[in-house]
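The structure under discussion appears below in the form of structure tokens.
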Amino acid sequence: MRNLLILILVFAGIWWIRRAMARIGKKPSKSKNGQADAVAERVLECAHCGLNVPESEGVREHGRFYCSDAHRLAGPRE
Numbered sequence: 004m005r006n007l008l009i010l011i012l013v014f015a016g017i018w019w020i021r022r023a024m025a026r027i028g029k030k031p032s033k034s035k036n037g038q039a040d041a042v043a044e045r046v047l048e049c050a051h052c053g054l055n056v057p058e059s060e061g062v063r064e065h066g067r068f069y070c071s072d073a074h075r076l077a078g079p080r081e
């Protein structure tokens with residue numbers, strides 16, 4: 004009976020270690036809310052004020068990047 008209990012404990016230990024190793028080896032592909040992680044976005048400097056803004060929130064004109072339409076109209080700083 005004692006040997007059977009030891010054998011069961013050894014198998015349970017091996018199973019637990021293999022499960023722990025599998026969890027460590029996996030990289031989470033989804034965030035907590037179940038959606039895929041967002042792709043990193045470039046952050047650019049405004050040509051007028053120097054503020055760093057995500058590219059999707061800014062405005063481009065003549066090859067320059069601006070944080071808003073007001074700064075686009077004002078033009079680049081000198």
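Letter by letter, the sequence shown follows residues 4 to 81 in the numbering used here.
C-beta: ideal position from N, C-alpha, C; glycine also.
A quick note: this is a predicted structure, and the numbers were derived from the prediction, not measured.
Please go through the same chain and pick out, in chain order, the residues whose beta-carbon is closer than 8 Å to the beta-carbon of residue i, but skip the five residues on each side of it.
{"i": "Arg80", "result": "Ala50, His51, Cys52, Gly53"}
Where does residue i land, buried or exposed, given buried means 16+ other C-beta within 10 angstroms?
{"i": "His65", "result": "exposed"}
{"i": "Arg75", "result": "buried"}
{"i": "Phe68", "result": "buried"}
Can you give me the Cβ contacts of residue i inside the same chain, cut-off strictly under 7 Å, excluding the 5 residues immediately before and after it?
{"i": "Met4", "result": "none"}
{"i": "Leu8", "result": "none"}
Can you tell me the Cβ-Cβ gap for residue i and residue j, rounded? I've got them flagged as a contact below 8 Å.
{"i": "Arg45", "j": "Glu60", "result": "Rounded, the Cβ-Cβ distance is 11 Å, inconsistent with contact."}
Note down, in chain order, each residue of its chain lying with its Cβ closer than 6 Å to the Cβ of residue i, except the 5 sequence neighbours on either side.
{"i": "Glu48", "result": "Asn55"}
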